[in-house]
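What follows is a set of notes on a single structure, which appears directly below.
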Amino acid sequence: QVQLVESGGGLAQAGGSLRLSCQASGSSFSANVMGWYRQAPGKERELVATITTFGGTIYATSARGRFTISRDNDKNTVYLQMNSLKPEDAAAYYCKIDTANDDYWGQGTQVTASS
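Position 91 (the sequence shown) corresponds to 91 in the working numbering; numbering is contiguous.
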């Protein structure tokens, strides 16, 4: 079993920055793709960004150029640096890891960007 603990959400002004972290723990797992997704009220969960073990990244159009995903494989941690936040970035942000056997989701951390 793998547990994910997210942190770093909160309130930021439009144009501000936040950094999300998600640390995975458990026994005998290897995190392949790690990623961030978000879900705003009344909307479906959507991809924000993903990163492979070797650093290959994919970004949603809305995130490209403003957000940066990174990971520390030694710490089993994935980060999301969010700059130039917009009110429409407000959502619950979830981390997800894909292992050889299963996918795991974090509990979510709320991000709010005030206008």
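Beta carbons: idealized from backbone N, C-alpha and C, even for Gly.
Contact set for residue i: own chain, Cβ-Cβ below 8 Å, skip 5 residues either direction
i: R19; result: G8, Y79, L80, Q81, M82
Counted within 10 angstroms of its Cβ, other Cβ atoms place residue i as buried (16 or more) or exposed
i: T53; result: exposed
i: N76; result: buried
i: R64; result: exposed
i: K96; result: buried
Test item: CB-CB of residue i and residue j under 8 Å
i: A31; j: L47; result: no
Residue i versus residue j: straight-line alpha-carbon distance, rounded
i: G106; j: E88; result: 22 Å
i: I113; j: A92; result: Checking the displayed sequence, the identity of residue 113 turns out to be Ala instead of Ile. The alpha-carbon atoms of A113 and A92 are separated by roughly 12 Å.
i: D98; j: E6; result: 16 Å
i: Y37; j: R71; result: 15 Å
Residues near residue i in its chain [Cβ-Cβ closer than 7 Å; skip 5 each side]
i: K86; result: A14, A113
i: S84; result: G15, R66
Cut-off 6 Å between Cβ atoms - residues of its own chain near residue i, not counting five sequence neighbours on either side
i: I51; result: M34, T57, I69, R71
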